[in-house]
Every structure is written in C-alpha cells, then in structure tokens.
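*Asks:* Residue numbers for the sequence shown follow the working numbering, so the first one is 62 and each next one is one higher.
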Amino acid sequence: MGNNELKIFLRCAFLVYMYLLKLVFENSAHSGDGCFNFRKKRNSRTIAKWTCVGNEKAGRELLMLITIGLGGEKYLNALPVSVALLRDRHRPLRVAYVLARHYPLDIQNRSIPVLGSGVEVDAAGRIVALRAKDLSFVSSHVPVKKLNIGKQLSAYFFLAYGGGYRPGPEGEDFSFTDPLFRRTRFHSLLIPDAPLTHPGDFIARLRYKGIRWGRTPSKYVLNTLCTQISRKLRINIDSWLDPNPNDGWDALRPWQQRALLPILDIARHMMDAFPKCATPLEMPGVVLMDQPETFCTRRRLKEYLTLLDTLFPQIQFILSMDTAFVKCLPTSFWKKRLFLPDEGKPPAAVKPVRLPKDTVLLIDVDGRLPNLALMKLSAHYRSKGHSVWLGKRDCFLKGPDRVYASTLFYSPRSERRNHRLRSYYGEKLTVGGTGEDVSSRLPEEVEDLPPDYQLYPELGDRAIGFITRGCPFACPFCVVPRKEGEPRQVCDLDTLLEGGRRNKLILLDDNILSHPDADRFLQGMIEQGIMVNFTQTLDLRLINRERAELLRKLKCSNTRFTRSNFHFSLNHNRNLDLMARKYRLFNFKARDNVEFVCMYGCDTTLEEDVDRFAFLRSLPGAYVFMQKYLPIRGGPPADTVDFLGADPDRWIDQLVGIVFTQNMKSMENYYRWVSRRYALAYGKLHTGLVDTIFRYNNRDKKGEYIASLAGTKKTQF
Numbered sequence: 062m063g064n065n066e067l068k069i070f071l072r073c074a075f076l077v078y079m080y081l082l083k084l085v086f087e088n089s090a091h092s093g094d095g096c097f098n099f100r101k102k103r104n105s106r107t108i109a110k111w112t113c114v115g116n117e118k119a120g121r122e123l124l125m126l127i128t129i130g131l132g133g134e135k136y137l138n139a140l141p142v143s144v145a146l147l148r149d150r151h152r153p154l155r156v157a158y159v160l161a162r163h164y165p166l167d168i169q170n171r172s173i174p175v176l177g178s179g180v181e182v183d184a185a186g187r188i189v190a191l192r193a194k195d196l197s198f199v200s201s202h203v204p205v206k207k208l209n210i211g212k213q214l215s216a217y218f219f220l221a222y223g224g225g226y227r228p229g230p231e232g233e234d235f236s237f238t239d240p241l242f243r244r245t246r247f248h249s250l251l252i253p254d255a256p257l258t259h260p261g262d263f264i265a266r267l268r269y270k271g272i273r274w275g276r277t278p279s280k281y282v283l284n285t286l287c288t289q290i291s292r293k294l295r296i297n298i299d300s301w302l303d304p305n306p307n308d309g310w311d312a313l314r315p316w317q318q319r320a321l322l323p324i325l326d327i328a329r330h331m332m333d334a335f336p337k338c339a340t341p342l343e344m345p346g347v348v349l350m351d352q353p354e355t356f357c358t359r360r361r362l363k364e365y366l367t368l369l370d371t372l373f374p375q376i377q378f379i380l381s382m383d384t385a386f387v388k389c390l391p392t393s394f395w396k397k398r399l400f401l402p403d404e405g406k407p408p409a410a411v412k413p414v415r416l417p418k419d420t421v422l423l424i425d426v427d428g429r430l431p432n433l434a435l436m437k438l439s440a441h442y443r444s445k446g447h448s449v450w451l452g453k454r455d456c457f458l459k460g461p462d463r464v465y466a467s468t469l470f471y472s473p474r475s476e477r478r479n480h481r482l483r484s485y486y487g488e489k490l491t492v493g494g495t496g497e498d499v500s501s502r503l504p505e506e507v508e509d510l511p512p513d514y515q516l517y518p519e520l521g522d523r524a525i526g527f528i529t530r531g532c533p534f535a536c537p538f539c540v541v542p543r544k545e546g547e548p549r550q551v552c553d554l555d556t557l558l559e560g561g562r563r564n565k566l567i568l569l570d571d572n573i574l575s576h577p578d579a580d581r582f583l584q585g586m587i588e589q590g591i592m593v594n595f596t597q598t599l600d601l602r603l604i605n606r607e608r609a610e611l612l613r614k615l616k617c618s619n620t621r622f623t624r625s626n627f628h629f630s631l632n633h634n635r636n637l638d639l640m641a642r643k644y645r646l647f648n649f650k651a652r653d654n655v656e657f658v659c660m661y662g663c664d665t666t667l668e669e670d671v672d673r674f675a676f677l678r679s680l681p682g683a684y685v686f687m688q689k690y691l692p693i694r695g696g697p698p699a700d701t702v703d704f705l706g707a708d709p710d711r712w713i714d715q716l717v718g719i720v721f722t723q724n725m726k727s728m729e730n731y732y733r734w735v736s737r738r739y740a741l742a743y744g745k746l747h748t749g750l751v752d753t754i755f756r757y758n759n760r761d762k763k764g765e766y767i768a769s770l771a772g773t774k775k776t777q778f
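(1) Taking the beta strand (DSSP E) that His628 falls in, what are its first and last residues?
(2) Taking the alpha carbon of Glu231 as the point to measure from, which residue in Ile210, Gly531, Pro260 has its own alpha carbon closest?
(3) If Gly224 and Gln377 are in contact, beta carbons under 8 Å, what's the gap, nearest whole angstrom?
(4) Start and end of the beta strand (DSSP E) containing Glu181?
(5) In the DSSP assignment, what are the bridge partners of Glu607?
(6) Compute the distance between the beta-carbons of Phe218 and Ala334, then report whether it is under 8 Å.
(7) Contact defined as beta carbons within less than 8 Å: I believe Arg483 pairs with Asp455. What is the distance between those atoms, to the nearest angstrom?
(8) For a minimum of 3 consecutive residues, which ranges assigned as the beta strand (DSSP E) are wholly contained in the region 304-340?
(9) If you follow the beta strand (DSSP E) that Pro256 is part of, which residue opens it and which one closes it?
(10) Return the CA-CA distance between Asn65 and Pro336, expressed in angstroms with no decimal places.
(11) In terms of alpha-carbon separation, which member of Pro304, Met640, Gly772, Asp672 lies closest to Leu267?
(12) Is Trp111 helix, strand or coil when you go by DSSP?
(13) Going straight from the alpha carbon of Arg72 to that of Arg502, what length do you get?
(14) Could you say if the region 387-402 and the region 414-423 meet the contact criterion of at least three C-beta pairs nearer than 8 Å?
(15) Tell me Ala157's beta-bridge partners as DSSP assigns them.
(16) Do you know how far the Cα of Ile296 is from the Cα of Leu313?
(17) Tell me which same chain residues have a C-beta within less than 7 Å of the C-beta of Asn619, skipping the five on either side of it?
(18) In this structure, how does DSSP classify Phe657 when only helix, strand and coil are distinguished?
(19) According to the Cβ coordinates, are Val735 and Leu677 closer than 8 Å?
(20) What distance in whole Å lies between the Cβ atoms of Thr258 and Leu325, which are believed to be in contact at a cut-off of 8 Å?
(21) Secondary structure at Asn730, three-state DSSP: helix, strand or coil?
(22) Looking at the strands, I want to know which residues DSSP matches up with Tyr424.
(23) Give a yes or no on whether the C-beta atoms belonging to Ala320 and Leu342 are separated by under 8 Å.
(24) Counting Cβ pairs, one atom from each stretch, are 3 or more of them under 8 Å apart for the region 83-92 and the region 195-202?
(25) Report the residue ranges of all beta strand (DSSP E) runs contained in full by the region 209-282; include only those spanning at least 3 residues, in chain order.
(26) Does the region 170-184 come close enough to the region 140-156 to have 3 or more Cβ pairs within less than 8 Å?
(27) Hey, how far is the Cα of Lys689 from the Cα of Leu433?
(28) Under a three-way DSSP split, which group does Ala74 fall into?
(29) Look up Val685 in the DSSP assignment and give the residues it is bridged to.
(30) If we count the other Cβ atoms within 10 Å of its Cβ and call it buried at 16 or more, is His628 buried or exposed?
(31) For Ile188, which residues does DSSP report across the bridge?
(32) Pick from Leu631, Leu123, Asp761: whose alpha carbon is nearest that of Met350?
(33) Give the secondary structure of Asn432 by DSSP, where H, G and I count as helix, E and B as strand, and everything else as coil.
(34) Using CA coordinates, which residue listed in Gln723, Asp710, Asn138 is at the minimum distance from Gly682?
(35) Between which two residues does the alpha helix (DSSP H) holding Phe356 run?
(36) Does DSSP put Tyr757 in a helix, a strand or coil?
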C-alpha cells in the first residue's frame with residue numbers, strides 16, 4: 062500500500078458511525094401507531110449489530126417503513142410505494158426516525174451526532190419530508206430537521222433487500238448515468254423482480270482494476286470476497302482471481318448465484334459510496350434484509366449470516382425472519398455490538414465577537430494569498446497604538462473603530478460581499494483594491510512601510526512583496542498598464558527579506574523580466590540562496606539563453622515552497638514557434654514542474670484553446686492551470702468572440718484527448734465551462750466531454766448533470 066493509499070485508509074478508519082436508533086410511525090396498515098427502539102437503553106454507547114424484527118407481515122412492514130424513512134423522498138417517489146401501507150386512507154402515514162450520524166460523511170465537526178427526521182405518505186402514495194414542527198412525536202430530547210438525503214453518495218448509507226431480486230442486465234458501465242441511481246440501493250424491497258448489480262460485470266471490473274491495475278480498494282474487495290466466501294460457504298470462486306476474462310459466474314450452481322448476488326450488490330454500493338477508502342467493506346451503514354433464509358437456502362442460513370458478519374464488520378443489519386431461524390445461531394452472535402458516537406452536549410451558539418475599543422478591522426474579501434496592502438495598513442495602525450484584527454470574506458464583527466476591506470477581483474461574488482459589508486458597517490467601512498477601483502492606492506506614508514507579518518503568521522519564514530511594478534505590454538485584458546504603468550523599481554531584495562531574516566520570497570511583480578535590471582535582480586536572488594515563487598508568472602517572450610541559465614540556477618518554487626516550480630503564462634496561440642524556442646533554452650525534462658497559466662473566456666476560440674493545449678502538451682514538463690477571465694471595471698467584456706465556431710465537435714474531440722500529467726482539476730473546470738456553452742448553443746451535451754468531466758471526480762453526479770443539461774435547465778426531481 063502506497064503512502065497516499067495509507068493516508069486514505071487512515072482517514073476512512075477513524076470515523077464516527079451512522080446507525081438507526083429508533084423508528085416511530087403513525088397510521089401503518091398492520092401495526093397502526095408505534096415505535097421500535099434499536100438502542101434499548103437511551104444512554105447506551107453501543108447498539109446491536111444484528112436485529113431481528115419478526116416475521117411475515119409485521120416484520121416486512123417494519124422494513125418497508127424504515128425504507129420509506131431513509132430512502133430519500135426524490136428516490137422513493139420514482140418507485141411505486143403501495144398505499145396499502147396506510148391503515149386509514151383519510152390521513153397520511155407518518156414515519157420518523159432517530160439516527161446516530163457519522164462524521165465526516167453525514168455531519169460537520171460541530172454538528173449534533175444524534176438527530177431525528179421523518180416523512181409522510183399521502184393517499185396517492187406521494188412521499189414528502191416532514192417539517193421540524195411536525196416531528197414533535199419523535200422525542201422531546203432529540204433535535205429534529207429535514208435531512209438532505211442524496212446530496213452525497215456516502216452520506217446516510219442505507220441498503221435494503223427483498224427476496225424478489227434478479228441480476229441486472231449485462232453491459233453495466235458503472236458510470237452513474239441514471240440521476241436516480243440511489244433508488245437501486247433499496248428497490249428490491251419495494252418492487253418484485255428488481256434488478257441488482259450484474260455479477261459478471263462487477264467481477265470483471267474488480268479483476269480489471271484490482272489485478273490488472275493494482276488499485277487497492279478493488280484488490281482488497283476481490284481478495285476479501287474470495288477468501289471469506291470460500292471459507293464460510295465452501296464455494297470455489299478461485300477463478301475470480303484469474304486475470305482471464307472468464308469470470309466463472311455461470312459455472313456456479315443456482316443457489317450459489319442467488320446467495321452471492323446480494324453480497325456482490327452490497328460490495329458494489331459500498332465501493333461506489335466510498336471510492337477513496339482503501340477498505341470500503343469496513344465502512345458503516347444500515348442494511349435491511351427481508352427473509353434472508355430465502356437468499357441462501359434454510360440450512361445454510363447460519364453460514365450465510367456469519368459470512369455477512371465477517372465481510373461487513375461495521376454494518377447494522379436489520380432482518381425480518383422467523384424466530385425459528387433466529388435460534389439456529391448462537392446467542393453470542395445476536396449480542397454483537399457496534400459503537401455509537403458520543404452525543405455530548407449540543408454546541409453552544411457562537412456569539413458575535415465584539416472587538417476591543419480602538420480596534421481597526423481589516424477584511425481580506427477575496428484573496429488567495431496574504432494581502433500586502435492590508436499588511437501595510439496593519440503596520441501603519443499598530444505604529445499608532447491601535448489594535449488590528451484580520452477578517453476574511455463575510456466578516457461581521459461588532460465594535461471596530463474603523464474597517465478597511467480589500468477586494469482584488471471584480472466578480473459578482475466579491476460585489477455581493479462588499480454590498481453586505483457596506484450594509485453592516487456603514488460609514489466606518491472603506492473598500493479598496495483593484496476589484497473595487499483600479500485607481501485606488503494606499504497613501505504614500507503607508508505604501509512605504511514594511512508589511513506587518515503578524516497579520517498572517519502562516520507566512521512563517523516567507524517574505525512577500527514587489528521589487529518592481531508595471532509592465533510595458535498593453536494587453537487589453539490586463540489591469541497592470543492602467544494601474545501601474547511602465548516598469549519601475551519600488552523596493553530592493555534585502556528590504557523584502559528583512560536583512561536575511563526570511564529565506565523564501567513570494568514575488569508579486571507584474572513582469573520583473575521587463576525591467577532593465579532584471580538580470581541583476583535574479584543574480585542577487587541566486588547569491589542570497591533564497592527560494593522564489595514568481596506568483597504572477599514569468600514572461601517567456603523575454604527569455605534569452607543567459608536569462609534561462611540564471612533562472613535554472615534559481616530555486617523557483619510553488620507558493621508553499623514544497624517543490625520546484627516554474628510559472629509562465631500562455632493566453633493566446635500566437636507565436637507558438639517563438640515560445641517553443643524560448644522554452645527549449647531551459648532544457649526542461651519531463652520530471653520538471655512547469656506551470657502555464659492559461660486564461661479562457663476572453664478573446665480566444667475553442668479551436669485556439671485546443672491549439673494552445675496541444676502545444677503545451679508537446680513541451681516536456683509543462684502542464685496547465687486554467688484561469689477564467691474576470692473583467693475589470695471599464696475593461697473588455699468577457700466572451701467577445703464566437704467561441705464554439707462552426708465545428709465544435711471536432712475540437713472537443715481533440716480537447717478530451719489532451720491529458721496533462723498533473724493539475725487536471727483546473728482543466729475540469731474549463732471542461733464544464735465549455736460543456737455549458739455547448740449545451741446552451743445546441744440544446745444537447747457532448748457525450749465524450751461529459752464522460753471526461755466525470756472520469757475521476759464526482760462520478761455520482763453524472764446522471765443529474767446529464768438530466769439538467771449541464772445545469773442549463775431545471776430537473777423534475
């Protein structure tokens with residue numbers, strides 16, 4: 062197991078688990094009004110791993126009530142829910158439940174782990190979530206709310222199985238194209254002849270990913286299934302571990318296939334829900350089974366339940382079966398327990414902070430790096446005896462003497478934040494920064510001060526600032542010519558490094574290589590032996606052989622200074638031959654990290670973008686960071702060209718074939734932007750582009766994305 066996989070395993074191993082503690086119902090057909098406590102003592106820190114709720118009508122009805130409660134209303138409404146569950150058709154069936162939820166899959170760090178929720182079923186079989194005020198019948202000491210079941214595939218993990226299941230159709234692609242895929246977790250309990258996972262396809266997928274490619278989760282699941290099934294049920298499935306495409310499923314006897322199908326389905330759903338966990342079968346959840354003795358033949362029930370117990374050690378199983386079968390297992394089996402989270406006390410409401418008198422509040426509205434202007438303001442006010450407090454984004458605190466907010470980007474989100482800040486602070490607030498006003502500047506006496514590093518202690522030994530400002534090129538999308546003008550020196554290296562106290566430098570220069578003394582600056586950095594991050598990128602057009610040699614001697618790094626990194630930009634596809642010649646002067650290798658910032662959404666077409674990406678992919682060590690164009694006030698608007706052109710399918714087909722070795726997450730954002738543009742223009746999706754978007758991340762959202770046409774239309778569920 063590699064380091065990354067070990068980290069994933071550890072992160073998945075230390076979770077607080079979700080289990081069903083209590084079920085409350087009103088107006089059910091067989092049982093009327095009642096409740097079922099799965100935790101027998103209110104303050105118990107454990108719960109039974111195995112619970113039998115009876116047989117025939119009462120037990121099956123209880124399983125269906127649990128399913129109606131935990132299935133999620135939009136998924137249940139896509140299935141036929143029988144109104145025969147209602148005793149009185151003139152009033153709804155109400156089902157409420159109490160859960161012990163697990164962190165971080167179901168809840169955030171400060172959330173209450175035990176929570177109640179519920180639904181009601183009307184005479185038409187329509188299921189609606191109950192509001193908090195309608196859940197008073199749950200329990201007075203349990204907080205209640207409507208749960209968003211289905212937002213995350215891993216949250217509220219719940220499966221249910223009835224006896225009328227069958228294998229799904231062959232050819233399953235495991236790609237989540239059905240937006241209501243989650244209903245397949247429990248539909249066999251509600252409808253007859255419901256298809257489960259196609260066993261042959263799932264086994265082939267495990268073999269392909271686990272044996273051929275060595276993926277830890279698939280290898281773990283395949284080995285665990287083969288070992289335990291052979292040991293507990295004495296079924297020979299050694300062929301599943303053979304790389305040969307013949308999966309051996311058809312060679313199994315009918316009773317063996319019937320017994321193993323739910324097990325494979327559970328394993329499949331657990332792998333889908335917990336894709337980043339190295340041991341997905343050990344994750345928590347709730348599984349219902351109606352008459353499991355019919356899954357495996359009655360005389361093999363003991364071995365079958367023992368197999369389930371071993372394969373899924375953290376699952377809470379709730380069964381409906383005859384008491385005679387309960388007695389076939391030892392008492393110790395039914396006494397097995399699962400640990401519950403510590404309920405503790407509800408988190409106290411966070412009171413608004415009131416700042417001490419004579420405090421200056423500085424708000425970093427939208428920055429990704431420490432804000433140099435705020436650091437200089439902090440130095441100014443601290444020198445006058447004021448206290449200084451740093452806030453970020455939406456920061457609403459009581460009592461500041463005055464407030465300064467710095468906005469770097471002119472975007473709708475930043476505009477909304479500034480509007481809220483103005484409404485709250487009124488005349489106390491001064492808003493500045495490029496995103497608010499290109500011409501805004503600090504007073505000279507503040508600009509000349511060294512920054513206050515106490516404001517951002519996370520900088521550690523990193524310095525931040527400018528040696529030069531300005532740029533000689535008048536790129537229409539860029540704010541620098543208007544704001545800074547021609548290149549000029551504004552500071553020296555020793556001052557930035559505080560006389561050698563700091564040995565790492567985040568350099569904010571707009572275009573340092575355009576300054577006449579650029580080589581002297583670079584030589585000074587080399588002599589000082591410091592690490593430098595050129596966060597605004599280097600201008601590749603201004604590279605010559607001598608300058609390339611200087612930069613190769615310099616320790617160019619990322620902003621965290623955890624690895625070597627060069628940063629350039631490529632905002633159009635003009636003069637690519639010149640750029641290639643300049644790039645070759647560095648003699649970069651494939652192992653180097655050379656990031657090119659590529660802007661999109663301004664004045665390039667899809668064809669030109671693809672040309673850029675293909676060019677960069679041909680350069681050893683190069684990869685892209687996609688940056689969407691955000692217009693400045695009074696600057697060129699976005700999307701000024703016919704982006705898609707006459708033949709977008711041709712260029713999208715080429716686009717998805719260009720894959721970089723790293724940082725593809727930013728390309729995914731670009732893919733989504735292109736996909737939305739395509740959907741708006743043609744009223745359909747490009748299938749290859751959608752497959753690429755969901756190849757690695759958020760795979761369970763693919764069906765919803767398709768149904769909503771890349772978010773351009775509302776869905777009915």
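For every residue, glycine included, the Cβ atom is placed at its ideal position computed from N, Cα and C.
*Replies:* Quick look at the numbers:
(1) Against the sequence shown, residue 628 aligns to sequence position 567. 627-630 is the span of the beta strand (DSSP E), which, as asked, contains His628.
(2) Residue numbering aside, residue 231 sits at position 170 when the sequence shown is read from its first letter. Looking at the Cα atoms, Pro260 is the closest of the given residues.
(3) Numbered from its first residue, the sequence shown carries residue 224 at position 163. Numbered from its first residue, the sequence shown carries residue 377 at position 316. So it is not a contact: roughly 20 Å between Cβ atoms.
(4) Residue mapping note: residue 181 aligns to position 120 of the sequence shown, counting from 1. Looking at the DSSP string, the run of the beta strand (DSSP E) that includes Glu181 is 175-182.
(5) Position 546 of the sequence shown, counting from 1, holds the residue named residue 607. Paired residues: none, contrary to the question.
(6) In the sequence shown, the residue the question calls residue 218 occupies position 157. In the sequence shown, the residue the question calls residue 334 occupies position 273. In contact: Phe218 and Ala334 (Cβ atoms closer than 8 Å).
(7) Residue 483 sits at position 422 when you count from the first residue of the sequence shown. Residue 455 sits at position 394 when you count from the first residue of the sequence shown. The Cβ separation is near 12 Å, so there is no contact.
(8) none
(9) Walking along the sequence shown from the start, residue 256 turns up at place 195. First-last of the beta strand (DSSP E) with Pro256: 255-257.
(10) Sequence index remark: in the sequence shown, residue 65 carries index 4 (1-based). Sequence index remark: in the sequence shown, residue 336 carries index 275 (1-based). At Asn65, the pLDDT of 47 sits below 50, so the modelled position is not reliable; the number obtained from the coordinates is stated separately. Rounded to the nearest angstrom, the two C-alpha atoms are 14 Å apart.
(11) The sequence position of residue 267 within the sequence shown is 206, counting from 1. If we check each option's Cα against that of Leu267, Pro304 comes out closest.
(12) What you label residue 111 is simply residue 50 of the sequence shown in a count that begins at 1. Strand, per DSSP.
(13) Here residue 72 refers to the residue found at position 11 of the sequence shown. Here residue 502 refers to the residue found at position 441 of the sequence shown. Because Arg72 carries a pLDDT of 40, less than 50, the predicted location of this residue cannot be relied on, and the following value inherits that uncertainty. Going by the C-alpha atoms only, they are around 46 Å apart.
(14) no
(15) The residue labelled residue 157 in the question sits at position 96 within the sequence shown. According to DSSP, which records beta bridges pairwise, Ala157 is partnered with Val85, Gly179.
(16) In the sequence shown, residue 313 corresponds to position 252, counting from 1. In the sequence shown, residue 296 corresponds to position 235, counting from 1. Using only the alpha carbons, I get a separation of about 8 Å.
(17) The residue labelled residue 619 in the question sits at position 558 within the sequence shown. Asn594, Asn626.
(18) To locate residue 657, count along the sequence shown from 1; it is residue 596. In this structure, Phe657 counts as strand in the three-state DSSP scheme.
(19) Position 674 of the sequence shown, counting from 1, holds the residue named residue 735. Position 616 of the sequence shown, counting from 1, holds the residue named residue 677. No, Cβ-Cβ distance for Val735 and Leu677 is not below 8 Å.
(20) Taking the first residue of the sequence shown as position 1, residue 325 is located at position 264. Taking the first residue of the sequence shown as position 1, residue 258 is located at position 197. With 8 Å as the limit, Leu325 and Thr258 qualify as a contact, their Cβ atoms being about 6 Å apart.
(21) Looking up residue 730 in the sequence shown gives position 669. It is helical.
(22) The residue labelled residue 424 in the question sits at position 363 within the sequence shown. The amino acid at residue 424 is misidentified as Tyr; the sequence shows Ile. Answer is Gly452, Ala466.
(23) Locating residue 320 in the sequence shown gives position 259, counting from the first residue. Locating residue 342 in the sequence shown gives position 281, counting from the first residue. Result no, Cβ atoms of Ala320 and Leu342 do not sit closer than 8 Å.
(24) yes
(25) 219-222, 226-228, 255-257
(26) yes
(27) Against the sequence shown, residue 689 aligns to sequence position 628. Against the sequence shown, residue 433 aligns to sequence position 372. Each residue's alpha carbon lies about 23 Å from the other.
(28) Here residue 74 refers to the residue found at position 13 when the sequence shown is read from its first residue. Annotation note: pLDDT 39 at Ala74 (below 50); position unreliable, no value reported.
(29) In the sequence shown, residue 685 corresponds to position 624, counting from 1. DSSP lists Phe657 as partners of Val685.
(30) Locating residue 628 in the sequence shown gives position 567, where the first residue counts as 1. Counting Cβ neighbours within 10 Å, His628 comes out buried, since at least 16 surround it.
(31) Along the sequence shown, read from residue 1 onward, the residue named residue 188 stands at position 127. In the DSSP output, where bridge partners are listed per residue, Ile188 has Val182.
(32) Position 289 of the sequence shown, counted from the start, is the residue given in the question as residue 350. Measuring from the Cα of Met350, the nearest candidate turns out to be Leu123.
(33) As a first step, residue 432 is located in the sequence shown; it is residue number 371 there, counting from the start. Three-state result, Asn432: coil.
(34) On the sequence shown, position 621 is the one that residue 682 refers to. Selected option, being the one with the closest Cα: Gln723.
(35) Taking the first residue of the sequence shown as 1, we reach residue 356 at position 295. Unbroken alpha helix (DSSP H) run through Phe356: 354-357.
(36) As a working mapping, residue 757 is identified with position 696 in the sequence shown. Of the three classes helix, strand and coil, the one that applies to Tyr757 here is coil, per DSSP.
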